[in-house]
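**Q** Protein chains in written order, with this note's numbering: chain U, 2 to 150; chain A, 369 to 570.
Dropping a structure here in structure tokens format, bear with me for questions.
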Amino acid sequence: MNWRRSVVVILRLALGAVFVYAAWSKLRQSWLLFAMAIDAYGLLPQWAVITLARALPWLELVLGILLLSGLWLRQAATFATALLVMFFAIMLRSYAKGLQIDCACFGFGEAISLKTLLRDGLLVLSSMALTALAFRRSECSAETIARPT
Amino acid sequence: MNRLLLLLCCTLAIGGVPSQNSKSAPPEIVKTVGVFTAPIAIEVFSDFQCPSCKLLYEKTLRPLTDDYVAKGKVYLVHRDFPLPQHAHAREAACYACAAGRIGKYEAACDVLFRQQEAWAADGKVADTVCNVLSPSEAKQVRALAKDPQIVASVDHDLQLGAAAGVQKTPTMVITYKNQRYPVTGAVNYDLLRRFLDQLLTK
């Protein structure tokens, strides 16, 4: 196993676990708690808040499982990066505006802070690295990265 | 009508003595509304100088009081959590607690939130609160605001908030059947209402 493949395996397992944990922390509680946390960002109308609060945890769960299993790695990594960049941008905006709100990243009760921004920034970088490596077909195909023999 | 009902609830909650008129009432009783035995308890950690707290108070806590507290479904506890970056928040909390000692907590809260921008800019907290009181009440509140017991009650709330993991204001800690749900920010009333209804049907 070369170093690139090792990095890809570590990144996809770590990110997969993060997504599964994020989904579990929301799904074990009422979706309305997540809806209130999304609403506090003040970006979406109520119908969109409700839709997102119901759908996002399941989306995170599917994404986490795909990353852990290595199936459709390129698509999963690209989507995870897009999602994490969006989360990071929204959190950064809220922090810059001084909004006193819940991050709602992993459960509830954790306010947006430098710590949460650094953690999310690290996840964005990891996901970008995973996406870039997954697309490097010249070295190893996505399939061989996903399912090493 | 609602105020009468709330007064009745407060009276029931402390065994026949209206808490807001009792000078010797423990600090935490001064700022509670509703029946102590209500199935849901909500502690609101709030800062009078914080704009989101004003929004929560005006858009969410008022309808919550009418729809849930007055009907005995929710026991509401106000907790002071003045943030260090707000120069006059602590003073405002002391004046609100002092007003609470003479049964005027709600009036003090109303005026402090309504005129938040003005007193936050000029620092005239005492005048803002005293403007809604009679001259004798104002004199009492000015003296009480400096009472070490009042100052201690604000500190006590701050400690409770820190112990509950409160980092920002407003934070509501909703307790139902020993399960605690922290909710931060100026929560939309419609979503909160749906959440409370969901808890009550569990």
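Glycine included, C-beta positions come from ideal geometry on N, C-alpha and C.
Assuming Gln101/U and Gly553/A are in contact, meaning their beta carbons sit under 8 Å apart, how far apart are those beta carbons, in whole angstroms?
**A** Sequence index remark: in the first sequence, residue 101/U carries index 100 (1-based). Sequence index remark: in the second sequence, residue 553/A carries index 185 (1-based). Confirmed, about 7 Å.
**Q** Would you please verify whether the beta carbon of Ser31/U is less than 7 Å from any beta carbon of chain A?
**A** Position 30 of the first sequence, counting from 1, holds the residue named residue 31/U. Closer than 7 Å: yes.
**Q** When DSSP labels each residue in this structure, what does Asp579/A get in the three-state scheme?
**A** Not covered by the structure: residue 579/A. The range shown for chain A is 369 to 570.
**Q** With H, G and I counted as helix, E and B as strand and the rest as coil, what does DSSP make of Pro550/A?
**A** Residue 550/A sits at position 182 when you count from the first residue of the second sequence. It is a strand residue.
**Q** With a CB to CB cut of under 6 Å and the five nearest residues on each side skipped, what residues in its chain are close to Gly440/A?
**A** In the second sequence, counting from the first residue as 1, residue 440/A sits at position 72. Here the set comprises Val403 and Ala406.
**Q** With a cut-off of 7 Å, does the C-beta of Ala428/A fall near any C-beta of chain U?
**A** Start at 1 with the first residue of the second sequence, and residue 428/A comes out as number 60. Going by the sequence as given, residue 428/A is Thr instead of Ala. Judged by the 7 Å Cβ criterion, Thr428/A is not in contact with chain U.
**Q** Rounded to whole angstroms, how far is the Cβ of Pro58/U from the Cβ of Lys27/U, which I believe are closer than 8 Å?
**A** Counting from 1 along the first sequence, the entry for residue 58/U is found at position 57. Counting from 1 along the first sequence, the entry for residue 27/U is found at position 26. Right, the Cβ-Cβ distance comes to about 4 Å (below 8 Å), so this counts as a contact.
**Q** Taking the alpha helix (DSSP H) that Ser70/U falls in, what are its first and last residues?
**A** Here residue 70/U refers to the residue found at position 69 of the first sequence. Ser70/U -> alpha helix (DSSP H) spans Gln47 to Ser70.
**Q** Compare the C-beta of Lys550/A with all C-beta atoms of chain U and state if any pair is closer than 7 Å.
**A** Along the second sequence, one-based indexing puts residue 550/A at 182. According to the sequence as given, residue 550/A is Pro; it is not Lys. So, interface residue.
**Q** Which chain U residues sit within Cβ distance under 9 Å of Asn556/A?
**A** Translated into positions along the second sequence, residue 556/A becomes position 188. Correct list: Ala36, Met37, Asp40, Ala41, Gln47 and Val50.
**Q** From Glu396/A to Glu459/A, what distance separates their C-alpha atoms?
**A** Here residue 396/A refers to the residue found at position 28 of the second sequence. Here residue 459/A refers to the residue found at position 91 of the second sequence. With a pLDDT of only 47 at Glu396/A, under 50, the local geometry of the prediction cannot be trusted, and no value is derived from it.
**Q** Taking only three categories from DSSP, how would you classify Arg137/U?
**A** Residue 137/U sits at position 136 when you count from the first residue of the first sequence. In this structure, Arg137/U counts as coil in the three-state DSSP scheme.
**Q** Is it right to say Met92/U is buried, meaning 16 or more other beta carbons lie within 10 angstroms of its own, or is it exposed?
**A** Within the first sequence, the letter at position 91 stands for residue 92/U. Note on Met92/U: 16 or more other CB atoms within 10 angstroms of its CB, so buried under the neighbour-count rule.
**Q** My guess is that Gly110/U and Pro550/A are in contact by the Cβ rule of under 8 Å, so how many angstroms apart are they, rounded?
**A** Taking the first sequence and counting its residues from 1, the one referred to as residue 110/U is at position 109. Taking the second sequence and counting its residues from 1, the one referred to as residue 550/A is at position 182. Taking the Cβ atoms as the reference, Gly110/U lies roughly 4 Å from Pro550/A, within the contact range of under 8 Å.
**Q** Apart from the five residues on each side of it in sequence, which residues of its chain come closer than 8 Å, Cβ to Cβ, to Thr428/A?
**A** Numbered from 1 along the second sequence, position 60 holds the residue referred to as residue 428/A. A distance below 8 Å between beta-carbons, with the five flanking residues on each side excluded, links Thr428/A to the following residues of its chain, in chain order: Ala554, Val555, Asn556, Tyr557 and Leu560.
**Q** Could you pull the DSSP bridge partners for Leu444/A from this structure?
**A** For the purposes of this step, residue 444/A is identified with residue 76 of the second sequence, where counting begins at 1. Leu444/A is bridged to Val401/A and Ile410/A.
**Q** I believe Val9/U touches Ile66/U by the beta-carbon criterion, under 8 Å. Please report the beta-carbon distance rounded to the nearest angstrom.
**A** For this step, residue 9/U is matched to residue 8 along the first sequence. For this step, residue 66/U is matched to residue 65 along the first sequence. In fact, because the Cβ distance is near 17 Å, the residues do not count as touching under 8 Å.
**Q** Give the residues of chain A in contact with Asp103/U, contact being defined as C-beta atoms less than 7 Å apart.
**A** Counting from one through the first sequence, the residue named residue 103/U turns up at place 102. Near Asp103/U (Cβ distances below 7 Å), the residues of chain A are Thr552 and Gly553.
**Q** Starting from Ser420/A, find everything on chain U with Cβ-Cβ shorter than 9 Å and list it in chain order.
**A** In the second sequence, the residue the question calls residue 420/A occupies position 52. Simply Ala41, Leu100, Gln101 and Ile102.
**Q** Among Leu528/A, Gln535/A, Val519/A and Leu444/A, which has the Cα closest to the Cα of Ala467/A?
**A** In the second sequence, residue 467/A corresponds to position 99, counting from 1. The shortest Cα separation from Ala467/A among Leu528/A, Gln535/A, Val519/A and Leu444/A belongs to Val519/A.
**Q** Interface residues of chain U around Gly402/A at Cβ under 8 Å?
**A** As a working note, residue 402/A is residue 34 in the second sequence. The contacting residues do not exist; Gly402/A stays about 21 Å from chain U at best.
**Q** Give the interface partners of Phe109/U over in chain A, defined as CB-CB distance under 9 Å, in chain order.
**A** Here residue 109/U is taken as the residue at index 108 of the first sequence, counted from 1. When 9 Å is used as the limit between beta carbons, Phe109/U is near these residues of chain A: Tyr549, Pro550, Val551 and Thr552, in chain order.
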